[in-house]
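To keep things clear, I will list the structure first and then write my remarks on it.
Numbering (the numbering used here), first residue to last: 2 to 141.
Next up, the structure:
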């Protein structure tokens, strides 16, 4: 994984096959070493709830502090994986996240998509409030 703002997809670089949970779990072992990772695109794979739970666990351990953009669209994620991601966002484990793409996961309900969007909006409001406090108190 290159630590840049360039978008990467989750297909295997050697064979070009889509990733499933096992491949994402393997990647998750390395993600804590990618402290500057800002964008991760896993779109168009076979990633399910197990892979998303592994990603949420990396975030909970402090491994994805700089991630701003996560694209998990067109996978096989259900509300179970959505809940794991939602809990991680609400707990502040993705403090820099501003964009989350979930389209194309047919088992991810519209209610869960809405809850994820609302959690990101709440995170944006918290960041804005902290910035106003720093600005008004002269802290940079």
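Yeah, the Cβ is synthetic: ideal placement off N, Cα and C, and Gly gets one too. Note that the coordinates shown come from a computational prediction; the quantities given were computed from them, not determined experimentally.
Determine the burial state of residue i: buried for a count of at least 16 other Cβ atoms within 10 Å of its Cβ, exposed for fewer.
| i | result |
| --- | --- |
| residue 94 | buried |
| residue 206 | Since the first residue shown for the chain is 2 and the last is 141, residue 206 is missing from the structure and cannot be characterised. |
| residue 8 | With a pLDDT of only 43 at residue 8, under 50, the local geometry of the prediction cannot be trusted, and no value is derived from it. |
| residue 126 | exposed |
| residue 112 | exposed |
| residue 49 | buried |
| residue 17 | exposed |
I need the straight-line Cα distance from residue i to residue j, nearest angstrom please.
| i | j | result |
| --- | --- | --- |
| residue 128 | residue 99 | 10 Å |
| residue 85 | residue 132 | 28 Å |
| residue 71 | residue 134 | 28 Å |
| residue 20 | residue 64 | 21 Å |
| residue 37 | residue 30 | 16 Å |
| residue 23 | residue 53 | 11 Å |
| residue 82 | residue 117 | 11 Å |
| residue 90 | residue 57 | 9 Å |
Alpha carbons only, please: which of the options is nearest the one belonging to residue i?
| i | options | result |
| --- | --- | --- |
| residue 88 | 120, 115 and 102 | 120 |
| residue 80 | 51, 137 and 17 | 51 |
| residue 101 | 34, 41, 25 and 27 | 41 |
| residue 1 | 17, 78 and 137 | This structure does not reach residue 1, given that the chain is present from 2 up to 141, and the question cannot be answered. |
If residue i and residue j are in contact, beta carbons under 8 Å, what's the gap, nearest whole angstrom?
| i | j | result |
| --- | --- | --- |
| residue 39 | residue 67 | 5 Å |
| residue 75 | residue 26 | 19 Å between Cβ atoms; not a contact. |
| residue 92 | residue 55 | Actually they are not in contact, since the Cβ atoms of residue 92 and residue 55 sit about 16 Å apart, beyond 8 Å. |
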